[in-house]
Amino acid sequence: GEIDGEVCLRLDKSKGKTYANMLDMLSAWAEQAKKLEAGEITREDYDRWRYNYPKYDTTLRWAKVPSQELSDFLVDALKDSPDTDE
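Following this note's numbering, the numbering of the sequence shown begins with 58 at its first residue and continues without gaps.
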């Protein structure tokens, strides 16, 4: 859609992981654009960043996810273990 003649994107929060990933990417791009406008980085730095995205992105948050097999094993093990709180 458009707001005040500007093209705008709206992310659908119901899309879960896709929403979060897109929000992270768009936020990273917005952060770099703000740095360029504020004079914190040069146009050359900005171009290097955007032409190589996400190689030079420092805003990404990475997390290791266990394999499905390990996840299933842990879930089964926890189901079978006696509850020690009772």
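Just so it is clear, CB atoms sit at the ideal spot from N, CA and C, and this is done for glycine as well.
Residue environment analysis places Q125 among the exposed positions, since fewer than 16 neighbouring C-beta atoms fall within 10 angstroms of its C-beta. A contact between stretches requires three or more CB pairs, one per stretch, nearer than 8 Å, and the region 106–114 meets this requirement with the region 73–89. The beta carbon of Y76 sits closer than 7 Å to the beta carbons of L68, D69, K70 from its chain, once the five residues preceding and following it are set aside; these are given in chain order.
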